[in-house]
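For the sequence shown, the numbering used here assigns the number 921 to the initial residue and increments by one for each residue that follows. Reviewing the structure listed below.
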Amino acid sequence: FGMGPGIAYTMGHSWEKAGLVNGGMIGLTFAVIGFLIAYVAGITLVNRGIRRGETALIKGKDSLNRDIRTGIVKENSPGVAGFLTLSPEAIEPMAFQVGLIGSIYLLTYLFIRGITLMMESGGLVEFSDTLWSFHFIIGLLIAVGIRKILDLTKKSYVIDKGLMNRASGVSVDYLITGSVAAISITVIGQYWMPILVMSGIAAFTTFLIIRWASKRAFDDYYFERFIGIFGEMTGTINSGLVLIRITDPEFETPAAEDLAYGGGIALFLGFPLLILLNLPIVFFNNSITGYWIAFGGMIVYLFILMAVWRLIGYIKPLKK
921 FGMGPGIAYT MGHSWEKAGL VNGGMIGLTF AVIGFLIAYV AGITLVNRGI RRGETALIKG
981 KDSLNRDIRT GIVKENSPGV AGFLTLSPEA IEPMAFQVGL IGSIYLLTYL FIRGITLMME
1041 SGGLVEFSDT LWSFHFIIGL LIAVGIRKIL DLTKKSYVID KGLMNRASGV SVDYLITGSV
1101 AAISITVIGQ YWMPILVMSG IAAFTTFLII RWASKRAFDD YYFERFIGIF GEMTGTINSG
1161 LVLIRITDPE FETPAAEDLA YGGGIALFLG FPLLILLNLP IVFFNNSITG YWIAFGGMIV
1221 YLFILMAVWR LIGYIKPLKK
């Protein structure tokens, strides 16, 4: 599921060349199931966490206001969508925010395009196809870099957080809707049993691993961090932020910010997996031997990460 339909479709589509019929559609199907798990299972876990007192800021369901529980804002207490940081007579403020987002996407496209051209010239076409699935993480890093530049030049006031959040919300809603609409019923009917079995196993193991690691890795705001990572690893980073917002409405904890920066770190840690995932197709002509070697490589990489995390104190024994 991890990180949404972009990765799922791109990787599935690239594997169609190796014989995975309708790979892109299968990837989208997994992504949509991931969204369902992120929100349905995520909300269930949030309710369970609140009841068991695991949340740091929300003490019982009574602490949740009516707007959060019903999803409808009462007429006498509407929120503020955003503020005008530019004069509408000069430029429409919302158009500027959208244009800024578009500029980030353009820079991301040019950057990845340049990298893929170099990879293709080196004979790594399969790897270059998969690299596009990481475009949103690269875009996030570029966005953070531009924000830092604006902060240093004292021009960051032109960005309005409220309007950016609204633009992000609209994009995510259309992303989910588009992913659902793009699914082929024929493909689902053909592969429904393996898709359901794999989704069930993936959802359960994702929950167990993230919960196990979160309890040992974080000294503060464990539940907020756990639910955010669970949302991201079954849906997208926005799914994680939505779940965090239920337990931390004003983003008072560092959970949301850490989740965003964690996506950038995941890019670098994910590159070895990028190589391993394409190993059977690129170097072993899609043979079963290549898949076993790739699987073994993932196990070895997991143990290396666990050893490094233990060495730097990231994974600590569970406190009694």
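Yeah, the Cβ is synthetic: ideal placement off N, Cα and C, and Gly gets one too. If you're wondering where the values come from, they're calculated on a predicted model, not measured in any experiment.
So, are the CB atoms of residue i and residue j less than 7 Å apart?
i            : j            : result
residue 954  : residue 1154 : yes
residue 932  : residue 943  : yes
residue 1039 : residue 1083 : no
residue 962  : residue 1189 : no
residue 1137 : residue 1161 : no
residue 1059 : residue 1024 : yes
residue 919  : residue 1099 : Outside the shown range of the chain (921 to 1240) lies residue 919, about which nothing can therefore be said.
residue 1214 : residue 1200 : yes
residue 1156 : residue 969  : no
residue 1028 : residue 1055 : yes
residue 1183 : residue 1057 : yes
residue 1104 : residue 945  : yes
Quick check on residue i: buried or exposed, where buried means 16 or more other Cβ atoms within 10 Å of its Cβ?
i            : result
residue 935  : buried
residue 1140 : exposed
residue 1232 : exposed
residue 1226 : exposed
residue 1077 : exposed
residue 1000 : exposed
residue 1096 : buried
residue 966  : buried
residue 1146 : buried
residue 1124 : exposed
residue 1173 : buried
residue 1085 : exposed
residue 1243 : As displayed, the chain neither begins before 921 nor continues past 1240, which places residue 1243 out of reach and without an answer.
residue 964  : exposed
Quick one, which of the options has its alpha-carbon nearest residue i's?
i            : options                : result
residue 1212 : 1226, 1223, 1196, 1227 : 1196
residue 1170 : 948, 1144, 1035, 1062  : 1144
residue 1081 : 1002, 926, 1192        : 1002
residue 1091 : 1228, 1142, 1192, 1158 : 1158
residue 1165 : 971, 975, 921          : 975
residue 998  : 971, 1128, 1114, 986   : 986
residue 1191 : 994, 1052, 1037, 964   : 1052
residue 941  : 1110, 1069, 1079       : 1110
residue 1185 : 1026, 1042, 1064       : 1064
What first and last residue would you give for the alpha helix (DSSP H) that runs through residue i?
i            : result
residue 1035 : 1013-1041
residue 1052 : Run containing residue 1052: none; DSSP gives neither H nor E here.
residue 925  : 925-935
residue 1144 : 1142-1154
residue 942  : Unbroken run through residue 942: none, as it is neither H nor E.
residue 1234 : Careful: residue 1234 lies outside any alpha helix (DSSP H) and carries neither H nor E.
residue 959  : Per DSSP, residue 959 belongs to no alpha helix (DSSP H) and is neither H nor E.
residue 992  : Per DSSP, residue 992 belongs to no alpha helix (DSSP H) and is neither H nor E.
residue 976  : Unbroken run through residue 976: none, as it is neither H nor E.
residue 921  : Where residue 921 is concerned, there is no enclosing alpha helix (DSSP H), given that its DSSP letter is neither H nor E.
residue 1173 : Looking at the DSSP string, residue 1173 is not in any alpha helix (DSSP H), and its letter there is neither H nor E.
residue 1115 : 1105-1137
residue 1094 : 1081-1102
residue 1165 : 1157-1167
Hey, how far is the Cα of residue i from the Cα of residue j?
i            : j            : result
residue 1116 : residue 928  : 16 Å
residue 952  : residue 1102 : 10 Å
residue 1094 : residue 1087 : 11 Å
residue 1150 : residue 1167 : 14 Å
residue 1178 : residue 1203 : 37 Å
residue 1218 : residue 1126 : 16 Å
residue 1112 : residue 1005 : 50 Å
residue 1009 : residue 1194 : 48 Å
residue 922  : residue 1121 : 14 Å
residue 1131 : residue 1114 : 26 Å
residue 978  : residue 1228 : 34 Å
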